[in-house]
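**Q**
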Amino acid sequence: MSFLFGRNRQKTPQDLVRAVRESISRMDVHLERRRASEDVSRLLAQMKVVLQGNAETDPIPDQVQMLALEVYAIDLLPLLANNMARLDFEAKKDVTALFNGLLRYCPQPISRFPTVDYLHTNRPDTLITLVKGYENKDVANNCGTILRESFKHQALAHVVLYDEIFWRFFDYVQGGSFDIASDAFATFRELLTKHKPLVAQFLGQNYVRFFLKYNTLLVSPNYVTKRQSIKLLGEILLDRANYNIMLAYVDSPDHLKLTMNLLRDKSKNIQYEAFHVFKVFVANPKKSKPVQEILLKNREKLLAFLPKFHDDRREDEQFIDEKGFLMKQIIELGNQPQQPQGAVFA
90 MSFLFGRNRQ
100 KTPQDLVRAV
110 RESISRMDVH
120 LERRRASEDV
130 SRLLAQMKVV
140 LQGNAETDPI
150 PDQVQMLALE
160 VYAIDLLPLL
170 ANNMARLDFE
180 AKKDVTALFN
190 GLLRYCPQPI
200 SRFPTVDYLH
210 TNRPDTLITL
220 VKGYENKDVA
230 NNCGTILRES
240 FKHQALAHVV
250 LYDEIFWRFF
260 DYVQGGSFDI
270 ASDAFATFRE
280 LLTKHKPLVA
290 QFLGQNYVRF
300 FLKYNTLLVS
310 PNYVTKRQSI
320 KLLGEILLDR
330 ANYNIMLAYV
340 DSPDHLKLTM
350 NLLRDKSKNI
360 QYEAFHVFKV
370 FVANPKKSKP
380 VQEILLKNRE
390 KLLAFLPKFH
400 DDRREDEQFI
410 DEKGFLMKQI
420 IELGNQPQQP
430 QGAVFA
């Protein structure tokens with residue numbers, strides 16, 4: 090692949106990596122900033138070709154390995170994460186491609202991901218920097234793309250989930266532009282659904298704090314945030330790995346009131362997603378006394394409300410069956426045993 094670098098300036102993959110680091114350092118010198126930025130862009134494009142190949146040639150495994158090892162040796166990934174906002178548009182795209190290409194790099198026959206090991210063991214702070222990228226509109230989407238690739242690996246998801254930085258997602262998914270908030274929610278969702286046992290453990294350990302924050306998303310003035318949040322809540326509660334989380338959530342009368350209000354939201358999409366959460370409260374055979382009292386108090390209204398609820402979905406047999414089941418459960422409420430109030434988690 091020497092043709093990539095010119096006849097007289099042939100650079101090895103290691104040379105490219107070192108040259109990028111040196112050029113980034115020159116960006117701090119006022120008189121050299123523009124030239125250094127151009128050099129970084131050119132070198133990153135060449136590194137991407139080494140890692141991914143191009144239309145004319147496939148990547149060469151030995152050169153990819155040399156590139157990766159040098160990237161780890163000089164800590165280029167955290168340097169790129171910290172300086173991404175200073176790069177031009179194409180260079181930001183190349184940084185994203187490099188991160189994700191290295192995250193997927195799995196040399197055979199080892200069958201392991203050395204970049205994942207490197208970030209998890211040596212530089213977990215790189216992931217924290219990438220999450221903070223949502224605070225900068227110029228790199229938010231690039232950082233989100235890298236984070237979603239990172240979270241395919243449980244070790245890297247664990248880093249962010251158990252760091253205080255995780256709680257900033259509740260601000261990121263509501264603030265900023267529509268594009269950034271949507272991207273942040275996509276990353277948030279990936280983090281909370283990809284590795285189910287890990288997430289179940291996290292929610293069990295942080296139940297009160299998590300749902301105090303999460304419930305604010307369900308009353309957000311941002312329509313997209315509210316709709317995505319109620320849909321994600323349904324997925325979380327109905328996942329078997331989160332069975333104990335579901336029991337704790339539906340034990341709360343405040344959660345039931347919140348869900349019933351969402352059933353009457355002006356958006357039909359939000360109403361429909363709220364229905365899938367509401368059915369968990371009604372179907373629970375061991376309802377707490379406060380939850381059962383709320384349902385009994387509203388029984389007649391619910392029995393009048395449910396037959397008309399989304400009656401345009403006549404061809405959705407599962408939805409029709411679920412409505413019928415809920416109405417039967419509500420009719421029989423007085424015959425169901427009441428359980429003492431109390432949450433599963435403190």
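Basically the numbering used here = 1-based index in the sequence shown + 89.
Glycine included, C-beta positions come from ideal geometry on N, C-alpha and C.
#1: May I ask you to report which of helix, strand or coil DSSP gives SER341?
#2: Quick one: grab the DSSP three-state call for SER356.
#3: Please list, in chain order, all residues of the same chain as ARG124 whose beta carbon is under 8 angstroms from its beta carbon, the five residues on each side excluded.
#4: Quick one: Cα of ASN189 to Cα of ASP147, how far?
#5: Whole angstroms is fine: what's the gap from GLU406's alpha carbon to VAL380's?
#6: Go ahead and pull the three-state DSSP assignment for SER130.
#7: Please report the Cβ distance between VAL184 and LEU133, rounded to the nearest whole angstrom; I am assuming they are in contact, meaning their Cβ atoms lie under 8 angstroms.
#8: From which residue to which residue does the alpha helix (DSSP H) around CYS195 run?
#9: So what's SER271 in DSSP terms, helix, strand or just coil?
#10: Is there contact between the segment 158 to 171 and the segment 215 to 232, where contact requires at least three CB pairs shorter than 8 angstroms?
#11: Mind checking PRO102: buried by the 16 CB within 10 Å criterion, or exposed?
#12: If you draw a straight line from the C-alpha of TYR161 to the C-alpha of PHE202, how long is it?
#13: Take the Cβ of CYS232 as the centre, count every other Cβ of all protein chains shown within 10 Å, and call the residue buried at 16 or more, exposed below.
#14: How many whole angstroms separate the CB atoms of ILE269 and LYS302, which I take to be in contact at a CB cut-off of 8 angstroms?
#15: So which of ILE149, GLN418 and ARG131 has the shortest CA-CA distance to GLU389?
#16: Pull up the distance between the alpha-carbon of GLY264 and that of GLN99, whole angstroms please.
#17: So PHE414 is in the alpha helix (DSSP H); what residue range does that whole segment cover?
#18: Sorted by chain position, which residues of the same chain lie with C-beta nearer than 6 angstroms to PRO402's C-beta, five sequence neighbours on each side aside?
#19: Thinking C-alpha only, which one of GLN154, GLN290 and GLY323 is nearest LEU307?
#20: Write down the C-beta distance between VAL228 and ALA174 rounded to the nearest angstrom, noting that I regard them as a contact closer than 8 angstroms.
#21: Can you tell me which of the three DSSP states PHE367 falls into?
#22: What are the start and end residues of the alpha helix (DSSP H) that includes ARG175?
#23: Are PRO286 and ALA330 touching if we call contact CB-CB under 8 angstroms?
#24: Please check the pair LEU415 and LEU395, which I expect to be a contact at CB under 8 angstroms, by giving their CB distance rounded to whole angstroms.
#25: When you compare only the Cα positions, how much space is there between PHE291 and ASP272?
#26: Leaving out five residues on either side along the sequence, give the residues of the same chain with a beta carbon under 8 angstroms from the beta carbon of ARG278.
#27: Helix, strand or coil: which one does DSSP assign to ARG388?
#28: Locate the alpha helix (DSSP H) running through ASN211, then write down its first and last residues.
#29: Among the candidates PHE178, LEU392 and VAL106, whose CA atom is the shortest distance from the CA of MET155?
#30: Starting from PHE258, trace the alpha helix (DSSP H) both ways and give me its first and last residue.
#31: Using three-state DSSP, classify GLU145 as helix, strand or coil.
#32: Between GLN430 and SER377, what straight-line distance do the alpha-carbon atoms span, to the nearest angstrom?
#33: Look at the alpha carbon of ASP104 and the alpha carbon of ALA157, and state the distance between them as a whole number of angstroms.
#34: Suppose you measure from the CA of LYS386 to the CA of LEU392; what does that come to, to the nearest Å?
#35: Is the Cβ-Cβ distance between VAL249 and LEU281 less than 8 angstroms?
#36: Going by C-alpha distance, which of VAL297, THR314 and THR234 is nearest THR276?
**A** In short:
#1: Note: SER341 maps to coil in three-state DSSP.
#2: coil
#3: ARG115
#4: Looking at the two C-alpha atoms, the distance is approximately 17 angstroms.
#5: 28 angstroms
#6: helix
#7: 6 angstroms
#8: Run containing CYS195: none; DSSP gives neither H nor E here.
#9: helix
#10: yes
#11: Around the beta carbon of PRO102, a 10 Å sphere encloses 16 or more other beta carbons of the protein chains shown; the residue is thus reported as buried.
#12: 13 angstroms
#13: buried
#14: The C-beta distance from ILE269 to LYS302 rounds to 19 angstroms, too long to fall under 8 angstroms, and the pair is not in contact.
#15: GLN418
#16: The alpha-carbon atoms of GLY264 and GLN99 are separated by roughly 47 angstroms.
#17: 406 to 420
#18: With the sequence shown as reference, residue 402 is identified as Arg, and Pro is not the correct amino acid for it. Result list for ARG402: PHE408, in chain order.
#19: Closest by C-alpha distance to LEU307, out of GLN154, GLN290 and GLY323, is GLY323.
#20: 5 angstroms
#21: Taken through DSSP and simplified to helix, strand or coil, PHE367 comes out as helix.
#22: Element bounds for ARG175: n/a, residue is neither H nor E.
#23: yes
#24: With 8 angstroms as the limit, LEU415 and LEU395 qualify as a contact, their Cβ atoms being about 6 angstroms apart.
#25: 23 angstroms
#26: GLN317 and LEU321
#27: helix
#28: First-last for ASN211: undefined, no H or E at that position.
#29: Of the listed residues, the one whose Cα sits closest to MET155 is VAL106.
#30: That run of the alpha helix (DSSP H) goes 258 to 261.
#31: coil
#32: For GLN430, the predicted structure reports a pLDDT of 41, less than 50, and the residue's modelled location is therefore unreliable. The matter cannot be settled from this model.
#33: 12 angstroms
#34: 12 angstroms
#35: no
#36: Of VAL297, THR314 and THR234, the residue nearest in Cα terms is THR234.
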